[in-house]
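I have placed the structure first, in the form of structure tokens, so that the comments after it can refer back to it.
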Amino acid sequence: MIGSLNPLTGLHHMLALDFIRHGLIAGTAIAAAAGLIGYFLVLRSQVFTADALSHVAFTGALCALTLGLDPRVGLFASTIAVGVLLGALGPRGRADDVVIGSTFAWILGLGVLALSIFTTEHSASNGNAGLSILFGSIFGLDASGARTAVVIAVVVIAFALVIARPLLFASVDEAVAAARGIPVRALGYVFLALVGATAAETTQAVGALLLLGLLAGPAGTALRITSRPYGAMALASAIAVGAVWAGIALSYAVPKLPPSFSILAVITAVYLATVAIGQAGRRGRPVRHV
Amino acid sequence: MRMLAATDPQLGWNVVRDVSQLFEFPFMVNAFRAGTIVAVTAAIVGWFMVLRRQTFAGHTLALVGFPGAAGATFVGLSANVGFFGFCGAAALVIAMLPQSGQRSFSEESAVIGTVQAFALASGFLFVSLYSGNLNGVNALLFGSFLGITNAQVLAIAVVGLATLLTIALIARPLLFASVDPDVAAARGLPVRVLGATFLVLLGIAAAATSQITGSLLVFALLVLPAATAQHLTTRPFVGVVVSVGLALTVTWLGLAFAYYTTYPIGFYVTSIAFALYAGANVAPRLLTRRSRMGTTS
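Chains as they are written, first to last, in numbering that gives the first Met the number 0: chain A, 0 to 289; chain B, 0 to 296.
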């Protein structure tokens, strides 16, 4: 597999494989959407929403499987519905972490039940369905799956860019935005629906448990590097896409590494490097008193 | 319990027989022993955790236990070593981090999210390197009560006892420091040392709880009984006792249901604990509404 030492030949061999190509195409689109949506999530302090949706995604996908449906149906339906529901709870929904944590632990418990029903019924055919939903299987996407993922990601990105300006305004200063006549509440709902769709997309790439990393990691890094909104958006998407490419290449070179791990490892390394460089730079510069 | 298909336990109307059936197999006896120790430890440490509003620290510590346990299994050690080692170490790290109040919330949550996802991804790496059985992963994530050995029960008992003794020693100052840290510090209590000690205890309790509920479902034993108890009473001693009682109920019922049906214990413990919590939240409201309606009409 990695017989050649020439990197170009290696790249050529890698791209000749169908599952790598599908993974790269779908992964690029998914990562671009995740970086963009993640930027707004971090900006609006709604990272916990993604954490909550990761539990819901697992249960939704497994319930669909148990009912004999395509897991993606359950995935998208559950994450979008719960995303909008969290919006309906409003600021009260953020207040009590015990209530939120408990509810989602219970939802996860329901997912475990669905997993056990599904594996007892289909033990021969699909024993590791639960595992691939939890930790993703980007190499498991076929051509049509990749195409669907790309189409949905493009729609999400397009919607996000259309509402980017008013959403930025509403995120930074809600009261002033509302006074200026921006429909703050409606924007919030549209955004949460987009978060739901992105969470479902990301689950296909890195899995329900790890989607938080792909959403929050690149966005957190980008916000450390630049405070310019559009620059940070582009940077977050670029970091996410770069991490997916590097992760897939790493897993191709070292087949023992699962791609989800490689992608997350790259994201974490980039974040740590940014923090380290930032602190070194701060130390080198003379202290400025503001 | 597919493995016991030949002598499948039958649930009947004879309660005595049903209960005695539960203890027919040594693995169930060990499960009840371990579950009881874990429930008591989790309920008491969890009560202080909810009081101190550190539920997310507990959740994160438990998640860190997953790569620890998976890594330990991969290297050939007992999963126990990984659970306790990693949770304890992570607690020390969190305790030593500077308390930066200025850092914006959004940045902090981005960091926590990335760290959590990376910890879980590392666990997944060890699991796939081990290329072991899938049931092992599910047990680490969602809990299991099968195959607990006598040695493991002994280990959990020693760790649980040490944790509870430490809590008993620092209970009074910890209570004071949790309720009003500023006044406690002014009175000369070592608030930071107390906080760090408690975090380590929390790490140990999270590791112990993970043995029964798995890394992902620790809320069921560590948070829910304590939160329910604090909803029912504000008196500290009574609250701790209620919390222990609820945790034991959740664990014992969960074990019994999981034994008599084919469904996993993770589902039962989360559902029972959540039902008790929801009941404690909703019932008082319904009662007051009814009595109010009674007086007005």
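For each residue, glycine too, the CB sits at the ideal point set by N, CA and C.
Small disclaimer: the values here were computed from a predicted structure and weren't measured.
Of the residues the options, the one placed nearest residue i, counting alpha carbons only
i: I238(A); options: P257(A), G216(A), V253(A); result: G216(A)
i: G278(B); options: A255(B), A257(B), Y259(B), L245(B); result: L245(B)
i: R51(B); options: L124(B), G194(B), I111(B); result: G194(B)
i: Y68(B); options: S214(B), L231(B), L286(B); result: One detail in the question is off: residue 68(B) reads as Ala in this sequence, not Tyr. With distances taken between Cα atoms, A68(B) lies closest to S214(B).
i: S136(A); options: F18(A), H11(A), L14(A); result: F18(A)
i: V155(A); options: T201(A), L114(A), L167(A), V175(A); result: T201(A)
i: V161(A); options: F134(A), V189(A), A128(A); result: V189(A)
i: G195(A); options: H12(A), H54(A), M13(A); result: H54(A)
i: G219(A); options: L130(A), I24(A), L35(A); result: L35(A)
i: A185(A); options: A235(A), F260(A), L166(A); result: L166(A)
i: F197(B); options: L21(B), F47(B), V15(B); result: F47(B)
i: I43(B); options: P224(B), Y259(B), W251(B); result: P224(B)
i: T148(B); options: F31(B), A282(B), A272(B), G11(B); result: F31(B)
i: L209(A); options: L61(A), G73(A), I99(A), F134(A); result: F134(A)
i: R20(A); options: S44(A), V274(A), W244(A); result: W244(A)
i: L62(B); options: V28(B), V74(B), G112(B), G45(B); result: G112(B)
Endpoints, alpha helix (DSSP H) assigned at residue i
i: A163(B); result: For the record, residue 163(B) in the displayed sequence is Leu; it is not Ala. Here the alpha helix (DSSP H) through L163(B) covers 149–178.
i: F144(B); result: Unbroken run through F144(B): none, as it is neither H nor E.
i: E173(A); result: 173–178
i: V37(B); result: 25–50
i: D141(A); result: Taken as a continuous stretch (DSSP letters only), D141(A) belongs to no alpha helix (DSSP H), as it is neither H nor E.
i: R16(B); result: 14–21
i: A196(A); result: 183–205
i: S203(B); result: In the sequence as presented, Ser is not what sits at residue 203(B); that position holds Ile. Looking at the DSSP string, the run of the alpha helix (DSSP H) that includes I203(B) is 190–212.
i: A61(B); result: 54–74
i: G9(A); result: 6–15
Collapsed DSSP secondary structure at residue i in the structure displayed
i: Q45(A); result: coil
i: L167(A); result: helix
i: G280(A); result: helix
i: P235(B); result: helix
i: N79(B); result: helix
i: S303(A); result: This structure does not reach residue 303(A), given that chain A is present from 0 up to 289, and the question cannot be answered.
i: Q229(B); result: helix
i: N127(A); result: coil
i: S226(A); result: coil
i: P70(A); result: helix
i: I264(B); result: helix
i: G187(B); result: coil
i: P283(B); result: helix
i: L40(A); result: helix
i: R102(B); result: Legend: pLDDT at R102(B) = 45, less than 50; position of this residue unreliable, value from coordinates given subsequently. If DSSP states are grouped into helix, strand and coil, R102(B) belongs with coil.
i: A277(B); result: helix
i: A272(A); result: helix
i: I162(A); result: coil
i: V217(B); result: coil
i: P224(B); result: helix
Cβ separation of residue i and residue j, assumed to be a contact under 8 Å, to the nearest whole Å
i: G22(A); j: L140(A); result: 6 Å
i: A116(B); j: L263(A); result: 6 Å
i: T212(B); j: G142(B); result: 4 Å
i: V114(B); j: V126(B); result: Rounded, the Cβ-Cβ distance is 19 Å, inconsistent with contact.
i: G108(A); j: S270(B); result: 6 Å
i: L254(B); j: I264(B); result: 7 Å
i: V217(B); j: H58(B); result: 7 Å
i: V158(B); j: I203(B); result: 6 Å
i: T40(B); j: T162(B); result: 6 Å
Chain-ordered neighbours of residue i on chain B, where CB pairs are closer than 9 Å
i: T201(A); result: Chain B residues near T201(A): none, gap ~11 Å exceeds 9 Å.
i: W244(A); result: Correct list: empty, because the minimum Cβ distance to chain B is about 17 Å.
Chain-ordered neighbours of residue i on chain A, where CB pairs are closer than 7 Å
i: S127(B); result: P257
i: Q306(B); result: Beyond the ends of chain B as shown, which are 0 and 296, falls residue 306(B); an answer cannot be given.
i: G265(B); result: G108, V111
Neighbour list for residue i in chain A, Cβ cutoff strictly below 9 Å
i: F82(B); result: By Cβ distance, chain A contributes nothing, its closest Cβ being about 18 Å from F82(B), past 9 Å.
i: F273(B); result: S101, T102, A104, W105, G108
i: S121(B); result: F260, L263, A264
i: T269(B); result: S101, A104, W105, I106, L107, G108, L109, V111
i: A219(B); result: S101, A104, W105, G108
Contacts that residue i makes with chain B (C-beta to C-beta distance below 7 Å)
i: L66(A); result: What L66(A) touches in chain B: nothing, since even the nearest Cβ is about 17 Å away.
i: Y270(A); result: T113
i: T119(A); result: T261
i: L208(A); result: L119
i: A218(A); result: A109
Any chain D beta carbon closer than 8 Å to residue i
i: I266(A); result: Absent from the structure: chain D. Protein chains present are A and B.
Interface partners of residue i on chain A, CB under 8 Å
i: A226(B); result: V97, S101
i: S108(B); result: V41, S44, V46, F47, A215
i: F144(B); result: Those do not exist, as F144(B) stays about 14 Å from chain A at its closest Cβ, beyond 8 Å.
i: V136(B); result: L130
Neighbouring residues, chain B, relative to residue i (Cβ below 8 Å)
i: F75(A); result: By Cβ distance, chain B contributes nothing, its closest Cβ being about 21 Å from F75(A), past 8 Å.
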